[in-house]
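Below is one structure, written out as structure tokens, with a few remarks after it.
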Amino acid sequence: MKTIHPAKTVHYLYITDESGIGDVFPAIKQNLVGYPSTHVSLIYASGTSAHVFAPELHILSRHFPTQFIPALVYDPENRFDHQATIETMLNANTRDQLKISVAGMPEFVSVVRDQLLFLGIKKETIHLHFLR
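Count the sequence shown with the numbering used here and you get residues 38 to 169, in order.
In structure tokens form, the structure reads like this:
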């Protein structure tokens, strides 16, 4: 008798600041619509309380309540200290594979990369997108 192996499932974790959300948003939609067995999480840090794409992200979270978890973080001092939020998203992962994309200003991306490496994430798992 053959053993049936279920398809690999993926958890996409996007971590972005205000400058990176425009690049990340289309990928979030594509993964939610195109791959129903995936989980998509977003940590979106903004220096203002008015997050760009906030209404659209809210709609997506209502359309995909079991697939999409957005965390909109208000960071007025640009401290980029989101390790606790990142750790929570990582600990909640229930998928076979984890793929992480970090997009934003160089300082933000560098700090988040260092936080991920500190938490034991392998470099190969992290895709970095530096914006200016």
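Every residue, glycine too, gets a C-beta built ideally from N, C-alpha and C. Keep in mind that this is a model prediction, so the values were computed, not measured.
Asked, Found
"Where are the beta strand (DSSP E) runs, 3 residues long or more, that stay fully inside the segment 61 to 90, in chain order?", "76 to 83"
"By DSSP, does Gly59 sit in helix, in strand, or in coil?", "helix"
"Ends of the beta strand (DSSP E) at Ala129?", "Neither: Ala129 is in no beta strand (DSSP E) and is coded neither H nor E."
"Taking a contact to mean a Cβ-Cβ separation below 8 Å, would you say Gly57 touches Leu168 in this structure?", "yes"
"Since I believe Ile80 is in contact with Met126 (beta carbons under 8 Å), could you give me their beta-carbon distance rounded to a whole number of angstroms?", "6 Å"
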